[in-house]
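*Asks:*
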Amino acid sequence: MSCVMSGAIQLQRREFMRVSGHLDHVELSRIRGIGEKIKVLEDQGRDVIRLHLGEPDFTTPENIIASAKAALDRGQTHYAPNRGIPALRNAIAEKLQTENGIAYDPETEVLVTSGCAEGLYLVFSALLDPGDEVIIVEPAYIAYLQLARIVGAKSVLVHAGESGGWLPDIDDLRKAVTDKTKLLILNSPCNPTGAVYPRELIEQIAQLAIEKDFLVLSDEVYEKLLYDGAEHVSIGSINGMRERTLTINGFSKAYAMTGWRLAYIAAPKEFILPMVKIHQYSMSSSNIIAEYAGVEALKNGAEACARMLAQYSQRRRLLLDAFERLGIPCAAPKGTFYIYPNVVRGGLGGREFAERLLADAGVAAVPGTAFDSFYDTNIRISYASSMENLREFIARLEDMLTRLIK
12 MSCVMSGAIQ LQRREFMRVS GHLDHVELSR IRGIGEKIKV LEDQGRDVIR
62 LHLGEPDFTT PENIIASAKA ALDRGQTHYA PNRGIPALRN AIAEKLQTEN
112 GIAYDPETEV LVTSGCAEGL YLVFSALLDP GDEVIIVEPA YIAYLQLARI
162 VGAKSVLVHA GESGGWLPDI DDLRKAVTDK TKLLILNSPC NPTGAVYPRE
212 LIEQIAQLAI EKDFLVLSDE VYEKLLYDGA EHVSIGSING MRERTLTING
262 FSKAYAMTGW RLAYIAAPKE FILPMVKIHQ YSMSSSNIIA EYAGVEALKN
312 GAEACARMLA QYSQRRRLLL DAFERLGIPC AAPKGTFYIY PNVVRGGLGG
362 REFAERLLAD AGVAAVPGTA FDSFYDTNIR ISYASSMENL REFIARLEDM
412 LTRLIK
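Our numbering applies: residue 12 is where the sequence shown begins, and numbers increase by one.
(1) So, helix, strand or coil for residue 298, using DSSP?
(2) Determine the burial state of residue 196: buried for a count of at least 16 other Cβ atoms within 10 Å of its Cβ, exposed for fewer.
(3) Can you tell which of 244, 182, 148 has the C-alpha that lies nearest to the C-alpha of residue 235?
(4) How many angstroms separate the CA atom of residue 148 from the CA atom of residue 178?
(5) In whole angstroms, what is the alpha-carbon distance linking residue 55 and residue 379?
(6) List the DSSP bridge partners of residue 261.
(7) Rounded C-beta distance between residue 124 and residue 297? I'm assuming under 8 Å.
(8) For residue 150, count neighbouring C-beta atoms within 10 Å of its own C-beta (all shown protein chains included) and say buried if the count is 16 or more, exposed if not.
(9) Buried or exposed, going by whether 16 or more other CB atoms sit within 10 Å of the CB of residue 389?
(10) Whole angstroms is fine: what's the gap from residue 46's alpha carbon to residue 251's?
(11) Name the two residues that bound the continuous alpha helix (DSSP H) containing residue 391.
(12) Closest by CA to residue 416, which one among 403, 337, 342?
(13) Which residue from 175, 70, 192, 39 puts its Cα closest to that of residue 138?
(14) According to the Cβ coordinates, are residue 60 and residue 374 closer than 9 Å?
(15) Which whole runs of the beta strand (DSSP E) in the segment 88 to 146 are 3 residues long or more, in chain order?
(16) Whole angstroms are fine: how far does the CA of residue 40 sit from the CA of residue 135?
(17) Please name the residue in 161, 186, 146 whose C-alpha comes closest to that of residue 167.
(18) Could you give the distance in angstroms between the alpha-carbon of residue 169 and the alpha-carbon of residue 384?
(19) Since I believe residue 346 is in contact with residue 238 (beta carbons under 8 Å), could you give me their beta-carbon distance rounded to a whole number of angstroms?
(20) Measuring only the C-alpha atoms, how far is residue 10 from residue 164?
(21) Can you grab the Cα-Cα spacing for the pair residue 38 / residue 104, in whole Å?
(22) Would a C-beta distance cut-off of 9 Å place residue 88 and residue 299 closer than the cut-off?
(23) Considering only the alpha carbon of each residue, which of 153, 121, 218 lies closest to residue 97?
(24) In whole angstroms, what is the alpha-carbon distance linking residue 261 and residue 311?
(25) Output the distance between the C-alpha atoms of residue 207 and residue 306, rounded to the nearest integer angstrom.
(26) Please report the residue range of the beta strand (DSSP E) in which residue 221 lies.
(27) How far does the beta strand (DSSP E) with residue 170 in it extend, from its first residue to its last?
(28) Looking only at C-alpha atoms, which of 242, 220, 188 sits nearest to residue 205?
(29) Using beta-carbon positions only, say whether residue 219 and residue 194 come within less than 9 Å of one another.
(30) Quick check on residue 141: buried or exposed, where buried means 16 or more other Cβ atoms within 10 Å of its Cβ?
(31) Excluding sequence positions up to five away, which residues of its chain have a Cβ less than 6 Å from the Cβ of residue 80?
(32) Assuming residue 271 and residue 301 are in contact, meaning their beta carbons sit under 8 Å apart, how far apart are those beta carbons, in whole angstroms?
(33) Just mark residue 303 as buried or exposed, buried being the case when its beta carbon has 16 or more other beta carbons within 10 Å.
(34) List the residues that DSSP assigns as beta-bridge partners of residue 230.
(35) By Cβ distance, which residues of its chain are closer than 8 Å to residue 83, with the 5 residues on each side in sequence left out?
(36) Just to confirm, are residue 263 and residue 256 a CB contact at a threshold of 9 Å?
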């Protein structure tokens with residue numbers, strides 16, 4: 012074979028293997044990347060405390076597991092309807108009406124998804140065109156920015172500062188709105204900060220959305236995890252907001268069901284229908300066994316939720332007391348199972364601090380730069396871990412700080 016022909020074949024192969032350019036600016040999850048570093052350390056025989064993942068350490072409650080087993084025994088092993096089984100959609104609609112004050116038609120305005128991750132992807136894909144602007148309040152869940160990049164939308168970032176309890180200023184939000192604004196993402200309780208938006212701020216955001224005519228995606232997956240009397244307010248319940256709100260929620264956090272991959276979107280049917288189109292061709296349906304488990308969770312899961320929340324509350328208090336004793340500034344989280352301390356006392360930025368915490372102390376945390384494009388001052392700690400692990404973390408942290416501050 013001639014060199015010319017060989018070169019032509021190689022060129023063709025390179026062209027054949029070229030992947031889509033629209034993913035060039037999409038990053039892999041930095042949180043999942045921490046898992047790779049943990050594996051290296053554990054392969055070396057190191058003991059690592061994992062406080063980086065947002066996953067309950069509890070097992071799914073027994074009654075929920077039993078309902079899934081019963082579904083299997085009844086032969087429920089086939090496809091679920093695209094939108095989800097009627098029993099689950101009815102239970103979701105009832106929950107939203109009684110707990111959140113929003114009425115939805117379970118037939119046309121509720122879509123069951125394979126986790127909140129799929130739900131978010133459906134919303135971004137169905138609502139946003141290239142060039143549309145989406146307002147994201149940082150620090151923010153890492154998927155929002157990447158999903159905007161995937162669909163070609165422009166992210167407009169608004170920073171919520173620690174001095175304001177990690178809540179955005181309504182004037183900053185107003186300044187971020189342009190004639191291209193299509194969507195604002197509201198995540199309360201907030202991952203990673205644990206901030207809970209008070210009713211007054213929710214009402215101000217609602218007024219802004221109505222005035223400037225944009226949509227709101229309300230990510231409420233942590234709504235059951237509240238402390239110190241904090242109130243969860245669904246923006247879709249505010250007068251004039253139902254028609255411009257998409258509410259997303261799931262079962263992973265409240266019911267310790269991360270592996271079941273079950274969530275839902277509730278919105279006006281005009282928004283649900285295009286999402287169903289994507290869902291049909293990409294997922295078909297969520298897992299039917301998980302859907303029956305979801306029915307049980309909504310109907311009879313409150314007691315288990317309360318038990319888990321009580322333990323989260325004890326862990327939260329342990330960490331807040333420890334950070335105060337160690338002189339680490341930390342706004343008390345009003346929700347979630349995350350705490351977001353400012354670690355500059357150690358003389359390092361959040362990213363380097365998290366790296367040293369893992370390498371030197373064997374504790375995995377997430378640097379604030381994974382959530383915040385503005386500042387490198389914090390780390391995210393998940394207290395979805397045992398009290399034993401958290402006490403050991405505190406001991407290792409104190410030892411590390413002693414060495415850093417010498």
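We put the beta carbon where it would ideally sit given N, CA and C, even for glycine.
*Replies:* On the basis of the coordinates in this document:
(1) For the purposes of this step, residue 298 is taken as the residue at position 287 of the sequence shown. Correct three-state label for residue 298: coil.
(2) Working through the sequence shown from its first residue, we reach residue 196 at position 185. Under this definition residue 196 is a buried residue.
(3) Residue numbering aside, residue 235 sits at position 224 when the sequence shown is read from its first letter. Comparing Cα positions, the closest option is 244.
(4) Position 137 of the sequence shown, counted from the first residue, corresponds to residue 148. Position 167 of the sequence shown, counted from the first residue, corresponds to residue 178. Roughly 9 Å between the two C-alpha positions.
(5) In the sequence shown, the residue the question calls residue 55 occupies position 44. In the sequence shown, the residue the question calls residue 379 occupies position 368. Cα to Cα, residue 55 sits roughly 27 Å from residue 379.
(6) Numbered from its first residue, the sequence shown carries residue 261 at position 250. 274, per the DSSP bridge assignment.
(7) Position 113 of the sequence shown, counting from 1, holds the residue named residue 124. Position 286 of the sequence shown, counting from 1, holds the residue named residue 297. Cβ-Cβ separation between residue 124 and residue 297: approximately 6 Å, consistent with a contact (criterion under 8 Å).
(8) Here residue 150 is taken as the residue at index 139 of the sequence shown, counted from 1. It is buried - the Cβ of residue 150 has at least 16 other Cβ atoms within 10 Å.
(9) Within the sequence shown, numbered from 1, the residue matching residue 389 stands at position 378. Counting Cβ neighbours within 10 Å, residue 389 comes out buried, since at least 16 surround it.
(10) On the sequence shown, position 35 is the one that residue 46 refers to. On the sequence shown, position 240 is the one that residue 251 refers to. So the two alpha carbons sit approximately 44 Å from each other.
(11) Taking the sequence shown and counting its residues from 1, the one referred to as residue 391 is at position 380. Residue 391 -> not in any alpha helix (DSSP H); beta strand (DSSP E) instead, spanning 390 to 393.
(12) For the purposes of this step, residue 416 is identified with residue 405 of the sequence shown, where counting begins at 1. Nearest of 403, 337, 342 to residue 416, Cα basis: 337.
(13) Working through the sequence shown from its first residue, we reach residue 138 at position 127. Per the Cα distances, 192.
(14) Here residue 60 is taken as the residue at index 49 of the sequence shown, counted from 1. Here residue 374 is taken as the residue at index 363 of the sequence shown, counted from 1. Their beta carbons are under 9 Å apart, which means residue 60 touches residue 374 by this criterion.
(15) 121 to 124
(16) For the purposes of this step, residue 135 is taken as residue 124 along the sequence shown, with counting starting at 1. For the purposes of this step, residue 40 is taken as residue 29 along the sequence shown, with counting starting at 1. Near 18 Å, if we compare the C-alpha coordinates of residue 40 and residue 135.
(17) Locating residue 167 in the sequence shown gives position 156, counting from the first residue. Looking at the Cα atoms, 146 is the closest of the given residues.
(18) Taking the first residue of the sequence shown as position 1, residue 169 is located at position 158. Taking the first residue of the sequence shown as position 1, residue 384 is located at position 373. In a straight line, the C-alpha of residue 169 is about 10 Å away from that of residue 384.
(19) Working through the sequence shown from its first residue, we reach residue 238 at position 227. Working through the sequence shown from its first residue, we reach residue 346 at position 335. Between residue 346 and residue 238 the Cβ distance is about 7 Å, and since that is below 8 Å, they are a contact.
(20) Residue 10 lies beyond the stretch modelled for the chain, which goes from 12 to 417, so this question has no answer here.
(21) As a position in the sequence shown, residue 38 is number 27, starting the count at 1. As a position in the sequence shown, residue 104 is number 93, starting the count at 1. Residue 38 and residue 104: Cα-Cα distance of roughly 35 Å.
(22) Taking the first residue of the sequence shown as position 1, residue 88 is located at position 77. Taking the first residue of the sequence shown as position 1, residue 299 is located at position 288. Contact: yes.
(23) The residue given as residue 97 occupies position 86 in the sequence shown. Checking every option, the nearest Cα to that of residue 97 belongs to 121.
(24) The residue you call residue 261 lines up with position 250 of the sequence shown. The residue you call residue 311 lines up with position 300 of the sequence shown. The alpha-carbon atoms of residue 261 and residue 311 are separated by roughly 16 Å.
(25) In the sequence shown, residue 207 corresponds to position 196, counting from 1. In the sequence shown, residue 306 corresponds to position 295, counting from 1. About 27 Å.
(26) Your numbering for residue 221 matches position 210 in the sequence shown. Where residue 221 is concerned, there is no enclosing beta strand (DSSP E), although the alpha helix (DSSP H) it sits in stretches over 210 to 223.
(27) Residue numbering aside, residue 170 sits at position 159 when the sequence shown is read from its first letter. Note, residue 170: beta strand (DSSP E), 165 to 170.
(28) Residue 205 sits at position 194 when you count from the first residue of the sequence shown. For residue 205, the closest C-alpha among the options 242, 220, 188 is that of 242.
(29) Start at 1 with the first residue of the sequence shown, and residue 219 comes out as number 208. Start at 1 with the first residue of the sequence shown, and residue 194 comes out as number 183. Their beta carbons are not under 9 Å apart, which means residue 219 does not touch residue 194 by this criterion.
(30) Position 130 of the sequence shown, counted from the first residue, corresponds to residue 141. Under this definition residue 141 is an exposed residue.
(31) Against the sequence shown, residue 80 aligns to sequence position 69. Taken in chain order, the list of residues that qualify is empty.
(32) The sequence position of residue 271 within the sequence shown is 260, counting from 1. The sequence position of residue 301 within the sequence shown is 290, counting from 1. Sure, about 4 Å apart at Cβ, within 8 Å.
(33) Residue numbering aside, residue 303 sits at position 292 when the sequence shown is read from its first letter. Under this definition residue 303 is a buried residue.
(34) Translated into positions along the sequence shown, residue 230 becomes position 219. Looking at the DSSP assignment, residue 230 forms a beta bridge with 198, 259.
(35) In the sequence shown, residue 83 corresponds to position 72, counting from 1. Excluding positions up to five away in sequence, the list reads 300.
(36) On the sequence shown, residue 263 is found 252 positions in, with the first residue counted as 1. On the sequence shown, residue 256 is found 245 positions in, with the first residue counted as 1. No, Cβ-Cβ distance for residue 263 and residue 256 is not below 9 Å.
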